[in-house]
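Here the structure is laid out as structure tokens; the discussion comes afterwards.
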Amino acid sequence: MNQQSSVVGDCEDDCMLSKLSPAALQLVAEFFKVLSESSRLQIVCRLRNGPKNVSEIIELTGLGQANVSKHLKILAQAGVVTREQQGVCVFYQIANPFVFDLCELVCNSLAQQIQQQTAHQAALDEFRQTIS
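Mapped onto our numbering, the consecutive letters of the sequence shown carry residue numbers 5 to 136.
Encoded structure:
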């Protein structure tokens, strides 16, 4: 076995996803699908500082009432948010704060990729100028 396939084998052994059943992988995929919609990400971000009711979420996101309600229902069904009735208002909050860690990890990774692409593009532009 060459070094590359050894590394791949090690990664596969360490990857929790490789140990999951197809049904469990489907659940993981569905969770990421819930977070793949920008309006839902907006709502999740606005809930970072604590519970909010629908009116507060509408005001903070600029989304319409029907849109916010639809996305909150999807987030609640997926277990991303919980809802609590307080008098006539329903307050939504993040069920597990790891969602913020996940979002931060993705954002940091994307920022790093963009920086690398920008540096690469600058180097290409500089090279083009030298050969022109």
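Note that beta-carbon positions come from the ideal geometry of N, C-alpha and C, so glycine has one too.
Which of helix, strand or coil does DSSP assign to residue i?
i: E41; result: coil
i: N112; result: helix
i: L51; result: coil
i: C107; result: helix
Out of the options, which one is the CA nearest neighbour of residue i?
i: A99; options: T134, N112, L51; result: L51
i: S43; options: N71, A33, N112; result: N71
What residue range does the beta strand (DSSP E) around residue i cover?
i: C93; result: 93-98
Based on the DSSP output, what are the partners of residue i in its beta bridges?
i: T86; result: Q97
i: N57; result: F95
The alpha helix (DSSP H) that contains residue i, what's its start and end?
i: L79; result: 69-81
Inset, instruction - Answer yes if the region 107-125 comes into contact with the region 79-96, meaning at least three C-beta pairs across the two stretches below 8 Å, and no otherwise. - result: no
Legend entry - Cβ pair count under 8 Å reaching 3, the region 32-50 against the region 98-112: yes
Legend entry - Three-pair Cβ contact test at 8 Å for the region 58-65 versus the region 17-35: With a cut-off of 8 Å, the region 17-35 and the region 58-65 do not count as touching, because too few Cβ pairs lie within range.
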